[in-house]
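> If you read the sequences in order, they're chains A and H. When the letters of the first sequence are read in order and numbered with UniProt numbering, they come out as residues 1 to 222. When the letters of the second sequence are read in order and numbered with UniProt numbering, they come out as residues 1 to 222.
Number of protein chains: 2
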Amino acid sequence: MATAREQAYLTLRRRLADGTYAPGSHLREEELAAQLGVSRTPVREALRRLDAEGWLRVVPNQGAFAFEWSVADIEEIFDLRALLEAHAVEHAATAPDQRGLDAMKAACELAERAFPGGDLAALEVISDANVRFHRAIWEMSGQARCRTILQSLAMPPMMLRNFRNFDAAGLRRSLDQHREMLTAIIAGNAAWAGAVMRAHVQAGRAVFLNAVVHGEAAAVAA
Amino acid sequence: MATAREQAYLTLRRRLADGTYAPGSHLREEELAAQLGVSRTPVREALRRLDAEGWLRVVPNQGAFAFEWSVADIEEIFDLRALLEAHAVEHAATAPDQRGLDAMKAACELAERAFPGGDLAALEVISDANVRFHRAIWEMSGQARCRTILQSLAMPPMMLRNFRNFDAAGLRRSLDQHREMLTAIIAGNAAWAGAVMRAHVQAGRAVFLNAVVHGEAAAVAA
DNA sequence: GGATGACACATTGCATACAATGTCGGTATC
DNA sequence: GATACCGACATTGTATGCAATGTGTCATCC
Numbered sequence: 001m002a003t004a005r006e007q008a009y010l011t012l013r014r015r016l017a018d019g020t021y022a023p024g025s026h027l028r029e030e031e032l033a034a035q036l037g038v039s040r041t042p043v044r045e046a047l048r049r050l051d052a053e054g055w056l057r058v059v060p061n062q063g064a065f066a067f068e069w070s071v072a073d074i075e076e077i078f079d080l081r082a083l084l085e086a087h088a089v090e091h092a093a094t095a096p097d098q099r100g101l102d103a104m105k106a107a108c109e110l111a112e113r114a115f116p117g118g119d120l121a122a123l124e125v126i127s128d129a130n131v132r133f134h135r136a137i138w139e140m141s142g143q144a145r146c147r148t149i150l151q152s153l154a155m156p157p158m159m160l161r162n163f164r165n166f167d168a169a170g171l172r173r174s175l176d177q178h179r180e181m182l183t184a185i186i187a188g189n190a191a192w193a194g195a196v197m198r199a200h201v202q203a204g205r206a207v208f209l210n211a212v213v214h215g216e217a218a219a220v221a222a
Numbered sequence: 001m002a003t004a005r006e007q008a009y010l011t012l013r014r015r016l017a018d019g020t021y022a023p024g025s026h027l028r029e030e031e032l033a034a035q036l037g038v039s040r041t042p043v044r045e046a047l048r049r050l051d052a053e054g055w056l057r058v059v060p061n062q063g064a065f066a067f068e069w070s071v072a073d074i075e076e077i078f079d080l081r082a083l084l085e086a087h088a089v090e091h092a093a094t095a096p097d098q099r100g101l102d103a104m105k106a107a108c109e110l111a112e113r114a115f116p117g118g119d120l121a122a123l124e125v126i127s128d129a130n131v132r133f134h135r136a137i138w139e140m141s142g143q144a145r146c147r148t149i150l151q152s153l154a155m156p157p158m159m160l161r162n163f164r165n166f167d168a169a170g171l172r173r174s175l176d177q178h179r180e181m182l183t184a185i186i187a188g189n190a191a192w193a194g195a196v197m198r199a200h201v202q203a204g205r206a207v208f209l210n211a212v213v214h215g216e217a218a219a220v221a222a
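#1: Could you work out which residues of chain A lie near Q143(H), taking near to mean beta carbons separated by less than 7 Å?
#2: Which runs of the alpha helix (DSSP H) fall wholly inside the segment 142-192 of chain H and span at least 4 residues, in chain order?
#3: Are the C-beta atoms of residue 254(H) and some chain A residue less than 8 Å apart?
#4: Given the structure, does R198(A) come close to the ligand ADP, in the sense that its CB is under 7 Å from one of the ligand's heavy atoms?
#5: Under 6 Å Cβ to Cβ from residue 223(H), same chain only, skipping five residues before and after it: list those, please.
#6: Whole angstroms is fine: what's the gap from A86(H)'s alpha carbon to A92(A)'s?
#7: So, does the CB of residue 227(A) fall closer than 8 Å to a CB anywhere in chain H?
#8: Rounding to the nearest angstrom, what Cα-Cα distance links residue 224(H) and Q202(H) in this structure?
#9: When the Cα atoms are used, what is the spatial distance from I77(H) to R132(A)?
#10: Using a C-beta to C-beta distance shorter than 7 Å, which residues of chain H count as neighbours of G100(A)?
#11: Identify whether F133(A) lies in helix, strand or coil by the three-state DSSP scheme.
#12: Applying the criterion that 16 or more other CB atoms from any shown protein chain within 10 Å of the CB defines a buried residue, is A136(A) buried or exposed?
#13: Pick out whichever of I126(A), S152(A), Q35(A) has its Cα sitting closest to the Cα of W138(A).
#14: Using a Cβ-Cβ cutoff of 7 Å, what residues of the segment 19-47 of chain A are near chain H? List them in chain order.
#15: Compare the C-alpha of R147(A) against each of L84(A), A95(A), A2(A), E124(A) and name the closest.
#16: Indicate whether at least one CB of chain H lies closer than 8 Å to the CB of G194(A).
#17: Taking the Cβ atom as the reference point for each residue, do P116(A) and I185(A) lie within a distance shorter than 8 Å?
#18: Got a sec? Which residues, its chain only, sit under 8 Å from L51(H) by beta carbon, not counting five neighbours each side?
#19: Rounded to whole angstroms, how far is the Cβ of F67(H) from the Cβ of L123(H), which I believe are closer than 8 Å?
#20: Flag V220(A) as yes if its beta-carbon sits less than 8 Å from any beta-carbon of chain H, otherwise no.
#21: Does the separation of the CB atoms of A88(H) and A111(H) fall below 8 Å?
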């Protein structure tokens, strides 16, 4: 088994992602420790790490509170993603490697096979394939810090759940953009790949903000 | 007095910046705790935070090791800074506020007064003023995450010491670029401000890499 | 009735003891 | 002589107890 700290970190992150903890709610160390079957020490370290990664906020002498996302937060995160994901894919296009290309291709195919079925299970698969695709780019880029930063920006709750807000046309476009990026990288055209990535992230931003405006803000909170 | 954790964090960060710990050296929890007069618990938390911020690397079951910088690391960091500092200053130029402008102006004047004397004390002042100037921009930008990321990218050792590598002309140009950014922000011209910032950071990158190539790589390590 | 202070409680901060893990040296074996 | 194994030591990982801090309530005073 992994270490208690790692287990606490992963469990808490999953719960923050799936909405177990309402935004703003107070996460008490002792309570979490009891639930996870470990002591407060690894829980404390997990909370500190989740704080650094933006999942929650630790206030000195008061404890951890599940993060409350504002529209401005979401806009900032999508903008930073557009900058950094484009930066990463431009590097990837400069020095592509076969393993990474295979991973990207596999992610594309996985998503495309699931696409026709528009149910929730299909969306799970597509969402997972999406993460794989982007992660493959981060790794191929060889930019370790950029990758670390993106990991903390792209993982938080609303990013993972955003796929539910896409309509069929939006999903189709998203998958097509993945294919286009793959083509651009194989062609070694960094400017092309970067431009598609910027469009890709901005499209996601638009879908998300549109969903928020149309009263599905609950999805943000969750 | 601040908390033990905060004190440990600040002390260790300062030591990592001033070269007390050689790159790659093993930082033992108990030893640090004894030196700082606190227990291992706050030291552990400080080490974890320094790991997240890129000052050192914590290997599970093995402990913390002072980070060893490669040329590729430095190039990546300067490139990310160029992206993110420009992003921040573009936001700042869109919505400038008087307090931030005053802080930037004060930082410019502080550096300019110290500039003619080219000794080490003057460089200290200029380096400090530089940090103040950039921090003022980050705060004015209103981009909280961008600011957090930049703080961890811009602080590490070689950033703080890079001023020693500038010649008089380079320093002069750096100060002029600060003034130009201030002018651009006051004019509300985000594109202008962003462009100057990109040039500013890339100039710093060139100076640094030049120093490394010319055998002053020791400065990197320190 | 509203404001203020003190006290009790809940919770986090820190210290310390013990357990688990990794490293390094020595020894036996091939 | 090289290598694999074993065990002692050093170090980190985790649990737990106590101290410090913050919060909410209740009584008291204005």
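Glycine included, every Cβ here is placed at the ideal spot set by N, Cα and C.
From the atom records:
#1: E76
#2: 144-154, 157-161, 168-186
#3: The requested residue 254(H) is not part of the displayed model; chain H covers only 1 to 222.
#4: Summarising the ligand content, the structure contains no ligands, and the ligand ADP is consequently not present.
#5: In the structure displayed, chain H extends from 1 to 222; residue 223(H) sits before or after that span and is not available.
#6: 22 Å
#7: In this structure chain A extends from 1 to 222, so residue 227(A) is not present and cannot be described.
#8: This structure does not reach residue 224(H), given that chain H is present from 1 up to 222, and the question cannot be answered.
#9: 25 Å
#10: What G100(A) touches in chain H: nothing, since even the nearest Cβ is about 18 Å away.
#11: helix
#12: buried
#13: S152(A)
#14: E45
#15: L84(A)
#16: no
#17: no
#18: Note that residue 51(H) is Asp in the sequence shown, not Leu. Here the set comprises R57, V58, A64.
#19: Taking a contact as a CB-CB distance under 8 Å, the pair F67(H) and L123(H) does not count as one, their CB atoms being some 24 Å apart.
#20: Note that V220(A) has pLDDT 44, beneath the 50 cutoff, so the model's placement of it is unreliable and the number below is only indicative. Chain H contact via Cβ: absent.
#21: no
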